[in-house]
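Novice: Heads up: the protein sequence lines correspond to chains A, B and C, in order. Residue numbers for the first sequence follow full-length UniProt numbering, beginning at 1 and rising by one. Residue numbers for the second sequence follow full-length UniProt numbering, beginning at 1 and rising by one. Residue numbers for the third sequence follow full-length UniProt numbering, beginning at 1 and rising by one. Dumping the structure here so I can ask a few things about it.
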Amino acid sequence: MSEDTVLLAAVSLLFACQQAYFANLVGKCRIKYKVIPPAVTGSPEFERTLRAQQNCIEFSAIFLIDLWTAGWFCNQELAALFGLLYIYGRHTYFYGYVESAKGRLKGFSVCKTSLILLLVLALTGITNSLFHKYFHLNLLKKLF
Amino acid sequence: MSEDTVLLAAVSLLFACQQAYFANLVGKCRIKYKVIPPAVTGSPEFERTLRAQQNCIEFSAIFLIDLWTAGWFCNQELAALFGLLYIYGRHTYFYGYVESAKGRLKGFSVCKTSLILLLVLALTGITNSLFHKYFHLNLLKKLF
Amino acid sequence: MSEDTVLLAAVSLLFACQQAYFANLVGKCRIKYKVIPPAVTGSPEFERTLRAQQNCIEFSAIFLIDLWTAGWFCNQELAALFGLLYIYGRHTYFYGYVESAKGRLKGFSVCKTSLILLLVLALTGITNSLFHKYFHLNLLKKLF
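Structure below.
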């Protein structure tokens with residue numbers, strides 16, 4: 001069982017470390033620009049860093065659901081690969097956004113692409129699993 | 001294994017798509033009311049839309065934990081049904097909140113009801129599983 | 001299968017209840033200090049309470065990934081124990097932050113410690129599982 005999910009777990013753990021790292025950077029940015037908690041406004045640099053982190057958090061449930069359903073029901077290796085692409089996209093997004101509001105766009109489109117790829121895998125796998133559960137048909141095996 | 005969770009995965013994926021859709025609506029609302037990132041304040045319409053999305057995110061971990069523990073340890077079909085009720089509640093909540101602050105209340109009570117139902121399922125299933133693990137008793141089988 | 005994860009599920013459910021409880025306290029704080037939705041600023045007491053809850057949400061994906069990978073791939077009992085420590089840390093953090101901005105620091109360091117402990121477990125377990133998958137080696141069994 002655990003071998004069928006170890007790549008998904010490894011990618012998820014890398015993602016968790018990235019999120020913790022971003023949270024840490026927001027904390028450092030608070031000190032640098034003297035934005036004392038619980039304030040969430042101040043210098044534009046701080047506000048961009050905070051929004052960059054917040055946007056990552058807003059999408060974290062979407063990413064994790066997509067990753068695990070894609071990997072569990074369709075193909076673990078491909079899902080892990082697209083998961084790594086997402087983490088790379090978030091990296092680009094975060095550092096781009098810290099520089100300027102426009103800088104977030106490139107990384108965001110990488111994230112969007114990887115989420116769509118994961119969604120396609122997930123939908124394929126879940127449809128196949130539903131057909132197997134209710135009609136005893138294995139469509140993926142018939143196709144390939 | 002995967003057939004025992006495919007309904008939960010399907011409901012989770014639908015939830016992920018709903019969250020992505022809400023995020024997209026917030027983005028469109030930014031353009032419509034000219035709230036340039038990283039700003040999070042501006043017209044009341046934008047602020048309500050943003051808060052509606054934020055509240056959905058705040059509850060996403062609670063919902064996913066409730067859904068999966070209820071479905072995994074108690075009954076997948078019932079958990080999936082209550083999960084769909086939650087997604088319907090979030091839909092009503094979001095569009096109600098976009099209209100007016102009071103408009104969020106009806107959808108929120110639907111969400112609360114479905115979370116409580118999932119919690120009851122989850123507690124039943126986990127209690128049974130703990131009794132089985134430590135005392136080799138299957139309470140649910142004895143009762144039904 | 002479900003017995004291998006029942007402690008993780010129980011800790012996750014307790015965490016979900018804690019998050020719901022914090023969300024409820026923010027709602028009560030809104031009424032007490034007359035901060036009408038969708039406003040997120042007002043009295044310093046309300047802003048601290050809101051930020052305390054937001055910080056819990058920001059770390060919820062990190063915590064859940066750490067907890068489940070540690071428990072699934074390494075040791076369920078230890079992971080559940082560190083998970084309880086995290087929940088205690090969040091409790092201390094939240095009530096400390098509500099009192100004063102400085103009050104959040106003690107609870108936060110408890111949370112950080114438990115996350116690091118979970119991360120060590122998770123990395124150990126995943127490394128072992130990867131070695132087993134690709135090199136058919138069970139390092140943990142060889143060591144203990």
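Built from N, CA and C at the ideal position, the CB exists for glycine as well.
Run through chain C and tell me which residues come within less than 7 Å of residue 150 of chain B, C-beta to C-beta.
Specialist: Residue 150 of chain B lies beyond the range of chain B shown here (1 to 144); nothing can be said about it.
Novice: DSSP state of LEU121 of chain B, grouped into three classes?
Specialist: DSSP places LEU121 of chain B in helix when its eight states are reduced to three.
Novice: Please return the same chain residues whose Cβ sits closer than 8 Å to the Cβ of THR113 of chain C, not counting the five positions on each side in sequence.
Specialist: Around THR113 of chain C: LEU85 and GLY89.
Novice: Excluding the five sequence neighbours on either side, which residues of its own chain have a C-beta within less than 6 Å of the C-beta of CYS29 of chain C, listed in chain order?
Specialist: Within the same chain, CYS29 of chain C has close Cβ partners PHE46 and THR49.
Novice: Drop a sphere of 10 angstroms on the beta-carbon of ASP4 of chain A, count the other beta-carbons inside from all chains shown, and report buried for 16 or more, exposed for fewer.
Specialist: So ASP4 of chain A ends up on the exposed side.
Novice: Which word fits PHE135 of chain B, buried or exposed, when buried means at least 16 other C-beta atoms lie within 10 angstroms of its C-beta?
Specialist: The residue is exposed, with fewer than 16 neighbouring Cβ atoms inside 10 Å.
Novice: Under 8 Å: do the segment 93-102 of chain B and the segment 51-62 of chain B share three or more Cβ pairs, one atom per stretch?
Specialist: Segments in contact, yes.
Novice: Flag SER129 of chain C as yes if its beta-carbon sits less than 8 Å from any beta-carbon of chain A, otherwise no.
Specialist: For SER129 of chain C, the answer is yes, since a Cβ of chain A falls inside 8 Å of its Cβ.
Novice: Sort B:LEU137, B:ILE65, B:THR41 and B:VAL11 by Cα distance to ALA122 of chain B and report the nearest one.
Specialist: If we check each option's Cα against that of ALA122 of chain B, B:ILE65 comes out closest.
Novice: Alpha carbon to alpha carbon, how far is THR41 of chain B from PHE22 of chain B? Give it in angstroms, no decimals.
Specialist: Taking the straight line from one Cα to the other gives about 18 Å.
Novice: Within a Cβ cutoff of 8 Å, which residues of the same chain sit near THR127 of chain A, ignoring the five residues on either side of it in sequence?
Specialist: The answer, listed in chain order, is LEU139.
Novice: Distance cutoff 8 Å, beta carbons only. Does ARG90 of chain B sit that close to anything in chain C?
Specialist: False, the Cβ-Cβ gap to chain C never drops below 8 Å.
Novice: Under 8 Å between the Cβ atoms of ILE87 of chain B and GLN18 of chain B?
Specialist: Taking 8 Å as the Cβ cut-off, ILE87 of chain B and GLN18 of chain B qualify as a contacting pair.
Novice: Among the residues of its own chain, which have a CB less than 8 Å from the CB of SER43 of chain C, if the five just before and after it don't count?
Specialist: So the list reads TYR33 and VAL35, once near-sequence residues are dropped.
Novice: For the ligand COA, any of its heavy atoms closer than 7 Å to the Cβ of GLU99 of chain A?
Specialist: Absence of the ligand COA is noted for the structure shown, with no ligands found whatsoever.
Novice: Can you pull the chain B neighbours of LEU64 of chain C, defined as C-beta to C-beta under 9 Å?
Specialist: In chain order: ALA61, LEU64 and ILE65.
Novice: Does any residue of chain B bring its CB to less than 8 Å from the CB of PRO37 of chain C?
Specialist: Yes, PRO37 of chain C counts as interfacial toward chain B.
Novice: Rank C:HIS132, C:ILE31 and C:LEU117 by C-alpha distance to the C-alpha of GLY83 of chain C and give the top, closest one.
Specialist: Closest option to GLY83 of chain C, Cα to Cα, is C:LEU117.
Novice: Helix, strand or coil, according to DSSP, for residue 146 of chain B in the structure here?
Specialist: The requested residue 146 of chain B is not part of the displayed model; chain B covers only 1 to 144.
Novice: Distance cutoff 8 Å, beta carbons only. Does GLU47 of chain A sit that close to anything in chain C?
Specialist: With 8 Å as the cut-off, GLU47 of chain A does not count as an interface residue toward chain C.
Novice: TRP68 of chain C to CYS74 of chain B, Cα distance in whole Å?
Specialist: Their backbone Cα atoms lie some 19 Å apart in a straight line.
Novice: What is the DSSP secondary structure of LYS133 of chain B, reduced to helix, strand or coil?
Specialist: Here LYS133 of chain B sits in helix by DSSP.
Novice: Kindly indicate if chain C contains any beta-carbon less than 8 Å away from that of residue 163 of chain B.
Specialist: Residue 163 of chain B falls outside the range modelled here, since chain B spans only 1 to 144, and no answer is possible.
Novice: Do VAL6 of chain B and SER129 of chain A have their beta-carbon atoms positioned less than 8 Å apart in this structure?
Specialist: Closer than 8 Å, so yes.
Novice: Could you tell me which of B:LEU81, B:LYS133 and B:ILE31 sits nearest to PHE15 of chain B, measuring between CA atoms?
Specialist: Of the listed residues, the one whose Cα sits closest to PHE15 of chain B is B:LEU81.
Novice: Would PHE135 of chain C pass as an interface residue toward chain A - the criterion being a Cβ-Cβ separation below 8 Å?
Specialist: No, PHE135 of chain C lies away from the interface with chain A (no Cβ there is under 8 Å from its Cβ).
Novice: Under a Cβ-count criterion, where at least 16 other Cβ atoms within 10 Å of its own Cβ denotes burial, should LEU115 of chain C be classed as buried or exposed?
Specialist: The residue is buried, with at least 16 neighbouring Cβ atoms inside 10 Å.
Novice: VAL6 of chain C CB to nearest chain B CB: under 8 Å?
Specialist: Output row for VAL6 of chain C: interface = yes.
Novice: So which residues of chain A does THR113 of chain C contact, with C-beta pairs closer than 8 Å?
Specialist: Simply none; closest approach about 13 Å.
Novice: Near ALA70 of chain A, which residues of its chain fall below 6 Å by C-beta distance, leaving aside the five closest residues on each side in sequence?
Specialist: Once the five neighbours on either side are set aside, the close Cβ partners of ALA70 of chain A are ALA79, LEU118, LEU121 and ALA122.
Novice: Taking 8 Å as the CB-CB limit, is residue 148 of chain B close to chain C?
Specialist: The question about residue 148 of chain B has no answer, for chain B in this structure spans 1 to 144.
Novice: Round the Cβ separation of ALA39 of chain B and TRP72 of chain A to the nearest angstrom and send it over; I've been treating them as touching at under 8 Å.
Specialist: So it is not a contact: roughly 39 Å between Cβ atoms.
Novice: For a contact meaning CB atoms closer than 8 Å, what does ARG51 of chain B contact in chain C?
Specialist: Ordered by position in chain C, the residues that pass the 8 Å Cβ test against ARG51 of chain B are PRO37, PRO38 and VAL40.
Novice: With a threshold of 8 Å on Cβ separation, who are the neighbours of LYS141 of chain C within its own chain once the five nearest residues in sequence on each side are excluded?
Specialist: Around LYS141 of chain C: no qualifying Cβ.
Novice: Who are the Cβ neighbours of GLY107 of chain A in its own chain at under 6 Å, not counting the five residues just before and after it?
Specialist: If we look at GLY107 of chain A and ignore the five residues flanking it on each side, its Cβ neighbours are GLY89, THR92, TYR93 and GLY96.
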